[in-house]
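Numbering (the numbering used here), first residue to last: 218 to 565. Each residue gets a CB set at the ideal place from its N, CA and C atoms; glycine is no exception. Here is the structure we will look at.
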Amino acid sequence: MLELALRLSLLLEMAFYATLAMHYGDTSLATAIALALLAMLALRAAAIAVTYAYAWAYRGPSPSLPLRQTLLMVLGEYAAMLFTFMVLSPFERLWMGADRLPPRAGTARLNERGAGAAGEALGRRPPILLIHGYGCSRAAWWWLRSRLEVAGWSVATISLEPIYTSIDNYLEPLHRRIDDVLAATGAERVVLVGHSMGGLVARAYLQRYGAARVARLLTLGTPHQGSELARLGIGENGRQMRPQNAWLQALGKPSPALDALAIYSPQDNFVMPASLLELPGARKQEIVGLGHLAMLYSPRVVLALLAALDEPRAERGEGGESETEPQPGRADQVKAGSGDANITDGTA
218 MLELALRLSL LLEMAFYATL AMHYGDTSLA TAIALALLAM LALRAAAIAV
268 TYAYAWAYRG PSPSLPLRQT LLMVLGEYAA MLFTFMVLSP FERLWMGADR
318 LPPRAGTARL NERGAGAAGE ALGRRPPILL IHGYGCSRAA WWWLRSRLEV
368 AGWSVATISL EPIYTSIDNY LEPLHRRIDD VLAATGAERV VLVGHSMGGL
418 VARAYLQRYG AARVARLLTL GTPHQGSELA RLGIGENGRQ MRPQNAWLQA
468 LGKPSPALDA LAIYSPQDNF VMPASLLELP GARKQEIVGL GHLAMLYSPR
518 VVLALLAALD EPRAERGEGG ESETEPQPGR ADQVKAGSGD ANITDGTA
């Protein structure tokens with residue numbers, strides 16, 4: 218289990234650094250622990266620096282950001298990494314709890330008794346299934362899940378394990394989770410939302426099982442055509458995300474009948490060059506000045522998701538069209554939750 222493995226690795230890492238400090242620096246235990254924590258933070262800052270070095274080396278034609286916005290973006294991405302892997306994921310059960318999946322039929326009955334517009338909308342909407350990315354767990358969705366629920370959506374999550382295996386090994390667990398979500402809600406189809414590798418898991422599921430039970434596909438920062446940074450990845454899934462590899466080339470395009478949208482940042486620091494974030498045959502939407510992990514904590518991403526989720530299929534353009542970022546006028550749909558993230562998303 219990733220949660221236990223992360224807790225153990227953090228403990229061992231801190232013990233290692235503290236032991237070095239006490240052995241070579243003749244420090245007290247309290248000082249050694251403080252130095253160990255600083256070393257852990259420095260190591261993760263170095264990791265973020267490596268990702269942005271790759272992003273710079275493989276930068277595309279997008280205009281450069283102002284210095285202030287660039288600094289906010291990098292700091293936001295660093296904060297997102299710390300929060301995700303040192304606070305959220307090691308203590309998933311404390312943060313997440315079970316998914317809340319109200320029965321759709323029950324909601325419809327309440328609407329007939331005058332339960333209100335919010336309940337009526339929930340009764341009509343398909344549930345959302347969030348699929349996390351490489352090296353993560355369902356804990357990565359803690360912030361976004363609550364914002365989607367506040368907006369009236371029924372949201373489910375899944376943890377894909379083991380973390381370093383073929384993406385194909387995740388398809389049967391995803392298939393079973395979709396069964397569970399549909400059975401719990403009484404819905405006929407789900408909306409699949411995948412972050413990073415999670416978008417590839419969703420596409421591989423669609424290729425194997427078809428789109429009969431999927432209403433819509435939305436991806437966030439997914440390396441649809443691979444990423445140069447994946448050359449540093451470990452595990453079969455890491456190799457499957459390298460550009461031009463056989464697994465990616467065998468992955469088919471979404472069915473024209475399926476509504477698919479790729480949301481991404483041209484400044485993504487895990488997927489580069491940015492052109493590899495585009496999904497051939499699907500619409501795309503850029504959100505400028507946002508890091509890869511910071512997408513999970515961005516009010517702008519919430520607004521983009523809500524706009525895509527609420528827009529009827531009949532009113533959408535043809536696949537492959539580019540869209541602009543949704544306007545702040547939709548902020549009322551996420552209420553107070555849209556602005557209270559502890560992690561900046563790099564907006565100027």
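*Cα-Cα separation, Met-489 to Glu-378*: As a first step, residue 489 must be located in the sequence shown, where it is residue number 272. As a first step, residue 378 must be located in the sequence shown, where it is residue number 161. Those two C-alpha atoms are separated by around 25 Å.
task: Name the residue from Asp-476, Ala-421, Ser-226, Leu-510 whose alpha carbon lies nearest to the alpha carbon of Met-290.
output: Taking the sequence shown and counting its residues from 1, one reaches residue 290 at position 73. Residue Leu-510 is the option with its Cα nearest to Met-290.
- Query: Could you give the distance in angstroms between the alpha-carbon of Arg-456 and the alpha-carbon of Leu-305?
  - Reply: Residue 456 sits at position 239 when you count from the first residue of the sequence shown. Residue 305 sits at position 88 when you count from the first residue of the sequence shown. Going from the Cα of Arg-456 to the Cα of Leu-305 covers about 26 Å.
### Query
Short check: CB of Asp-316 to CB of Ala-368, under 8 Å?
Residue numbering aside, residue 316 sits at position 99 when the sequence shown is read from its first letter. Residue numbering aside, residue 368 sits at position 151 when the sequence shown is read from its first letter. In this structure, Ala-368 does not lie closer than 8 Å to Asp-316 by Cβ.
Where does Tyr-269 land, buried or exposed, given buried means 16+ other C-beta within 10 angstroms?
On the sequence shown, residue 269 is found 52 positions in, with the first residue counted as 1. The residue in question, Tyr-269, is buried, as its Cβ has 16 or more Cβ neighbours within 10 Å.
Open item on the list: If the criterion is Cβ atoms closer than 8 Å, does the pair Ala-421 and Leu-434 meet it?
Closed with: What you label residue 421 is simply residue 204 of the sequence shown in a count that begins at 1. What you label residue 434 is simply residue 217 of the sequence shown in a count that begins at 1. Cβ atoms of Ala-421 and Leu-434: not closer than 8 Å.
Along the alpha helix (DSSP H) that carries Val-398, what are the first and last residues, could you check? Within the sequence shown, residue 398 is the residue found at index 181, counting from 1. Run containing Val-398: 388-402, per the alpha helix (DSSP H) assignment.
Item to complete: Closer than 8 Å by C-beta to Ile-451: which residues in its own chain qualify, once you throw out the five before and the five after it? Chain order, please.
Response: Here residue 451 corresponds to residue number 234 of the sequence shown, with the count starting at 1. These residues qualify, in order along the chain: Tyr-381.
>> Assuming Tyr-269 is part of the alpha helix (DSSP H), what are its boundary residues?
In response: Numbered from 1 along the sequence shown, position 52 holds the residue referred to as residue 269. Tyr-269 -> alpha helix (DSSP H) spans 246-274.
Discussion item. So, at 6 Å on beta carbons, what are the nonlocal neighbours of Met-239 in its own chain, with the 5 sequence-adjacent residues on each side left out?
Written reply: Locating residue 239 in the sequence shown gives position 22, where the first residue counts as 1. Cβ neighbours of Met-239 beyond the five flanking positions: Ala-249.
Buried/exposed call for Ser-371, threshold 16 Cβ in 10 Å: The count along the sequence shown starts at 1 and reaches residue 371 at position 154. The residue is buried, with at least 16 neighbouring Cβ atoms inside 10 Å.
For this session: Mind checking which residues open and close the alpha helix (DSSP H) that includes Gln-457?
Result: Mapped onto the sequence shown, residue 457 falls at position 240. Segment 452-457, the alpha helix (DSSP H) holding Gln-457.
With a Cβ-Cβ cutoff of 8 Å, do Leu-478 and Ala-429 count as a contact? On the sequence shown, residue 478 is found 261 positions in, with the first residue counted as 1. On the sequence shown, residue 429 is found 212 positions in, with the first residue counted as 1. It is not a contact, given that the beta carbons lie outside the stated cut-off.
Taking DSSP's pairing of strands, which residues face Ala-570 in a bridge? What the structure shows of the chain is the stretch from 218 to 565, and residue 570 is not part of that stretch, so it cannot be assessed.
Coarse secondary structure for Ala-368, derived from DSSP in three states
As a working note, residue 368 is residue 151 in the sequence shown. Ala-368: coil per DSSP, three-state reduction.
- Around the Cβ of Tyr-234, are there at least 16 other Cβ atoms within 10 angstroms (buried) or fewer (exposed)? Indexing the sequence shown from 1 puts residue 234 at position 17. By the neighbour-count rule (16 or more Cβ atoms within 10 Å), Tyr-234 is buried.
**Report entry** Residue(s) in a DSSP beta bridge with Val-431
**Finding:** To locate residue 431, count along the sequence shown from 1; it is residue 214. Its beta-bridge partners are Val-407.
Closer than 6 Å by C-beta to Glu-503: which residues in its own chain qualify, once you throw out the five before and the five after it? Chain order, please. Locating residue 503 in the sequence shown gives position 286, counting from the first residue. Pro-483.
For this session: Kindly indicate which three-state DSSP category His-412 falls into: helix, strand or coil?
Result: Along the sequence shown, one-based indexing puts residue 412 at 195. His-412 falls in the strand class under three-state DSSP.
Q: For Met-218, I'd like the list of residues in its chain whose CB is within less than 8 Å of its CB, leaving aside the five on either flank, ordered along the chain.
A: If you number the sequence shown from 1, residue 218 lands on position 1. Closer than 8 Å at the Cβ level, and outside the excluded window around Met-218, lie Glu-378.
Does Thr-236 come out as helix, strand or coil in the three-state DSSP assignment? Taking the sequence shown and counting its residues from 1, one reaches residue 236 at position 19. Note: Thr-236 maps to helix in three-state DSSP.
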